[in-house]
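The next block holds one structure in the form of structure tokens; read it before the comments.
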Amino acid sequence: MAEVTYYTKEGLEKLKEELHHLKTEGRSNIAKAIAEARDKGDLSENAEYDAAKEAQGLHEAKIAKLEDTLAHARLIDESKLDSTKVLALSFVKIKNTKNGATMSYQLVSETEADLKSGKISVKSPIAKGLLGKSVGDKAEIEVPAGKIEFEILEISR
Numbered sequence: 003m004a005e006v007t008y009y010t011k012e013g014l015e016k017l018k019e020e021l022h023h024l025k026t027e028g029r030s031n032i033a034k035a036i037a038e039a040r041d042k043g044d045l046s047e048n049a050e051y052d053a054a055k056e057a058q059g060l061h062e063a064k065i066a067k068l069e070d071t072l073a074h075a076r077l078i079d080e081s082k083l084d085s086t087k088v089l090a091l092s093f094v095k096i097k098n099t100k101n102g103a104t105m106s107y108q109l110v111s112e113t114e115a116d117l118k119s120g121k122i123s124v125k126s127p128i129a130k131g132l133l134g135k136s137v138g139d140k141a142e143i144e145v146p147a148g149k150i151e152f153e154i155l156e157i158s159r
């Protein structure tokens with residue numbers, strides 16, 4: 003059974019748009035490619051046709067995966083979340099206690115994670131170490147570079 007994943011409204015809409023695009027334009031483009039390859043003659047020795055059929059299979063697999071993801075997706079009602087603790091969708095400002103560097107992240111689902119925009123997956127080591135903590139708490143987190151201690155400076159929605 004697939005795991006339930008929680009999304010922001012924006013993240014869920016993005017998934018729905020991608021699925022719609024794959025089902026409409028994506029399928030149409032692949033059908034055209036198959037038709038063009040079929041028109042080129044003998045299918046038994048037509049590498050272009052084989053490639054187009056393989057692309058179609060991969061495309062359909064991607065659609066099926068997205069449909070499954072959407073079937074198990076849940077929208078988080080941010081108004082009901084406790085803003086005193088770090089939870090999914092929290093904006094967290096943390097400080098590395100060793101070097102004093104501060105960072106700000108939003109904890110989001112795996113598919114919404116984008117480090118460039120400050121969004122990290124709730125399944126990442128840093129997020130796992132911060133979940134459930136409050137402002138002022140310290141969290142010692144095991145990262146690939148070793149153990150780092152962070153202090154939670156701020157939590158917001």
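Residue 3 is where the sequence shown starts when you use our numbering, and the numbers rise one by one after that.
All C-beta atoms in this analysis are idealised placements derived from N, C-alpha and C, irrespective of residue type, glycine included.
State the DSSP-derived secondary structure class of L89, mapped to helix, strand or coil.
By one-based count along the sequence shown, residue 89 stands at place 87. Coil, per DSSP.
Contact check, T71 vs L17 under 8 Å by CB: the rounded distance?
In the sequence shown, residue 71 corresponds to position 69, counting from 1. In the sequence shown, residue 17 corresponds to position 15, counting from 1. Contact between T71 and L17 is confirmed by a C-beta separation of about 7 Å, below the 8 Å threshold.
Note down the Cα distance separating V6 from K97, rounded to an integer number of angstroms.
Taking the first residue of the sequence shown as position 1, residue 6 is located at position 4. Taking the first residue of the sequence shown as position 1, residue 97 is located at position 95. Cα atoms of V6 and K97: separation of roughly 31 Å, rounded to the nearest angstrom.
From A103, R29 and S111, pick the residue whose C-alpha is nearest to that of A57; which is it?
To locate residue 57, count along the sequence shown from 1; it is residue 55. Nearest of A103, R29 and S111 to A57, Cα basis: R29.
Hey, which unbroken runs of the alpha helix (DSSP H) at 4 residues or more fall wholly within the region 36–90?
Fully enclosed alpha helix (DSSP H) runs of 4 or longer: 49–73.
Member of E19, K25 and I143 whose CA lies at the smallest distance from the CA of A63
Mapped onto the sequence shown, residue 63 falls at position 61. The shortest C-alpha separation from A63 is found at K25.
Using only alpha-carbon positions, find the residue among P127, D139, I122 and K100 that is nearest to Y107.
Counting from one through the sequence shown, the residue named residue 107 turns up at place 105. Comparing Cα positions, the closest option is I122.
Checking 9 Å against the spacing of the C-beta atoms, do L91 and L117 come in under that value?
What you label residue 91 is simply residue 89 of the sequence shown in a count that begins at 1. What you label residue 117 is simply residue 115 of the sequence shown in a count that begins at 1. Taking a C-beta distance under 9 Å as the contact criterion, L91 and L117 do not qualify as a contact pair.
I need the DSSP call for S111, collapsed to helix, strand or coil.
Reading the sequence shown from its first residue, position 109 is the one you call residue 111. Of the three classes helix, strand and coil, the one that applies to S111 here is coil, per DSSP.
Starting from E20, trace the alpha helix (DSSP H) both ways and give me its first and last residue.
Along the sequence shown, read from residue 1 onward, the residue named residue 20 stands at position 18. Segment K11 to H23, the alpha helix (DSSP H) holding E20.
Going by Cα to Cα distance, which pick from I32, A75 and E69 is closest to K55?
Here the question's residue 55 lines up with position 53 in the sequence shown. The alpha carbon of K55 has as its nearest neighbour, out of I32, A75 and E69, the alpha carbon of I32.
Using only alpha-carbon positions, find the residue among K125, G102 and R76 that is nearest to E12.
Start at 1 with the first residue of the sequence shown, and residue 12 comes out as number 10. Ranking K125, G102 and R76 by Cα distance to E12 puts R76 first.
Buried or exposed for E142, please, with buried defined as at least 16 other CB atoms from any protein chain shown within 10 angstroms of its CB.
Mapped onto the sequence shown, residue 142 falls at position 140. With fewer than 16 neighbouring CB atoms inside 10 Å of its own CB, E142 falls in the exposed class.
Does DSSP put A33 in a helix, a strand or coil?
In the sequence shown, the residue the question calls residue 33 occupies position 31. Three-state result, A33: helix.
Between the Cα of A103 and the Cα atoms of E153, Y8, K42 and L14, which residue gives the shortest distance?
In the sequence shown, counting from the first residue as 1, residue 103 sits at position 101. Per the C-alpha coordinates, the member of E153, Y8, K42 and L14 positioned closest to A103 is E153.
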